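In the numbering used here, the protein residues as written are 135 to 460. Even for Gly, the Cβ is constructed at its ideal location relative to N, Cα and C. Quick caveat: nothing in here was measured; it's all calculated off a predicted structure.
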């Protein structure tokens with residue numbers, strides 16, 4: 135065991151290697167056991183392919199405008215995967231041994247996430263409702279523009295971020311699946327359900343990483359948690375834009391649409407925070423110094439403050455015509 139007084143970030147991350155190695159089979163699925171986009175969409179090798187596309191397009195025609203906008207925004211977010219993978223590789227102190235557990239995790243996580251954009255993109259292309267060139271331009275913008283998550287390449291802050299963000303992504307895809315089912319598109323509901331299940335498993339992994347860090351270095355981990363919550367967790371697509379639109383402007387309209395149909399709201403943000411507080415047993419955490427105790431007090435009080443703010447917020451009613459939707 136590493137003592138908190140002696141622990142550096144790099145030492146803690148190195149110490150966690152055996153834990154990560156033991157958990158890889160729980161946090162990741164083998165390729166053989168994984169779903170693939172082709173399992174969920176019309177098969178071009180079959181004689182029924184054109185009929186299946188016709189059925190898909192008929193179902194997609196009845197999906198609401200805001201749902202389609204959210205689905206496109208989710209797809210663009212998923213397809214900016216190169217940015218996320220390269221960011222994870224820059225985390226300070228992460229061992230770079232290609233055969234080590236941390237690099238196996240990064241590659242395995244990336245491989246699973248890669249299917250999400252593929253599946254959603256293919257659905258949208260076949261739906262006939264999307265201006266694919268406009269959507270593809272937004273994806274290229276998002277990868278080229280990058281992001282600023284305010285984690286400073288720190289593993290503690292980075293894993294707080296991924297714990298939060300993967301949980302939020304799970305909620306978003308799961309809610310889209312529920313709405314798609316209500317609106318009569320069971321195929322889309324199944325697809326988004328598969329994506330949501332992956333995100334839930336990935337969130338579980340990152341939350342477990344943070345729990346392990348709390349064992350070794352509770353004070354510094356507590357300070358990192360507080361710092362990220364003071365900064366507020368921004369979604370990875372916060373620079374999202376369309377052709378002819380300023381950096382980040384489209385993201386605001388995308389989140390408005392998500393709030394209007396209840397895919398992801400300010401209440402969800404607070405619920406995720408409360409879930410992390412419970413998951414990491416913040417209330418009963420020991421080994422904190424004075425600064426750590428102040429950080430704990432801030433985090434413990436934050437959900438109540440956020441709920442008060444959320445109660446005063448109005449659901450955005452201003453509709454926006456996205457260039458993505460034909």
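### Message
Rounded to the nearest angstrom, what separates residue 116 and residue 151 at their Cα positions?
### Response
In this structure the chain extends from 135 to 460, so residue 116 is not present and cannot be described.
### Message
Between residue 299 and residue 395, how many whole angstroms is the CB-CB distance? I'm expecting something under 8 Å.
### Response
About 20 Å; that fails the 8 Å criterion.
### Task
May I have the straight-line CA-CA distance separating residue 231 from residue 414, to the nearest angstrom?
29 Å
### Task
Please name the residue in 431, 319, 295 and 323 whose C-alpha comes closest to that of residue 307.
323
### Task
Taking all protein chains shown into account, decide if residue 453 is buried (16 or more other Cβ within 10 angstroms of its Cβ) or exposed.
exposed
### Query
With respect to the alpha helix (DSSP H) encompassing residue 393, which residues constitute its N-terminal and C-terminal limits?
Counting along the chain, the alpha helix (DSSP H) containing residue 393 begins and ends at 383-394.
### Start-to-end residues for the alpha helix (DSSP H) that takes in residue 143
143-149
### Query
Taking residue 147 as the reference, which of 336, 342, 249 and 391 has the closest Cα?
342
### Message
Quick check on this structure: which residue in 458, 303, 457 and 238 has the alpha carbon closest to the alpha carbon of residue 338?
### Response
303
### Message
Beta-carbon within less than 6 Å of residue 407's beta-carbon, same chain only, minus the 5 sequence neighbours each way: which residues are those?
### Response
437
### Message
I'd like to know whether the C-beta atoms of residue 325 and residue 392 end up nearer to each other than 9 Å.
### Response
no
### Message
Whole angstroms are fine: how far does the CA of residue 331 sit from the CA of residue 249?
### Response
13 Å
#### Entry: Under the three-state DSSP convention, the category residue 225 falls into
coil
### Query
If you run the structure through DSSP and keep just helix, strand and coil, what is residue 139?
Its pLDDT being 42, under 50, residue 139 is placed unreliably in this model, and the coordinates cannot settle the point.
### Query
To which residues does DSSP link residue 459 through a beta bridge?
264
### Message
With the cut-off set at 9 Å, would you say residue 361 and residue 287 are in Cβ contact?
### Response
Not closer than 9 Å, so no.
### Task
Please classify residue 370: is it buried, with 16 or more other beta-carbons within 10 angstroms of its beta-carbon, or exposed?
buried
### Task
Could you tell me which of 272, 172, 192 and 237 sits nearest to residue 210, measuring between CA atoms?
272
### Query
If you count every other CB in all the chains shown that lies within 10 Å of the CB of residue 251, and 16 or more means buried, which is it?
buried
### Message
Taking the beta carbon of residue 200 as the centre, do at least 16 other beta carbons fall within 10 Å, making it buried, or is it exposed?
### Response
Residue 200 should be labelled buried.
### Message
Here's the rule I'm using: 16 or more other beta-carbon atoms within 10 Å means buried, otherwise exposed. How should residue 174 be labelled?
### Response
buried
### Task
Specify the secondary structure class of residue 321 as computed by DSSP and reduced to three states.
In this structure, DSSP gives residue 321 a helical state, which the three-state scheme calls helix.
### Query
Contact check, residue 317 vs residue 196 under 8 Å by CB: the rounded distance?
Contact between residue 317 and residue 196 holds, with the beta-carbon distance rounding to 6 Å and staying under 8 Å.
### Task
Could you tell me which of 301, 305, 401 and 327 sits nearest to residue 311, measuring between CA atoms?
The closest CA to that of residue 311, considering only 301, 305, 401 and 327, is found on 327.
### Message
Within 10 Å of its beta-carbon, does residue 293 have 16 or more other beta-carbons around it, so buried, or fewer, so exposed?
### Response
buried
### Task
Could you tell me how far apart the beta carbons of residue 402 and residue 305 are, in whole angstroms, since I believe they sit closer than 8 Å?
That belief holds up - the Cβ atoms of residue 402 and residue 305 are roughly 6 Å apart, short of 8 Å.
### Message
Quick test of your reading: residue 397 and residue 204, contact by CB under 8 Å. State the CB separation rounded to the nearest angstrom.
### Response
5 Å
### Query
In three-state DSSP terms, what is residue 296?
In the structure shown, residue 296 sits in a helix (DSSP, three-state: H, G or I).
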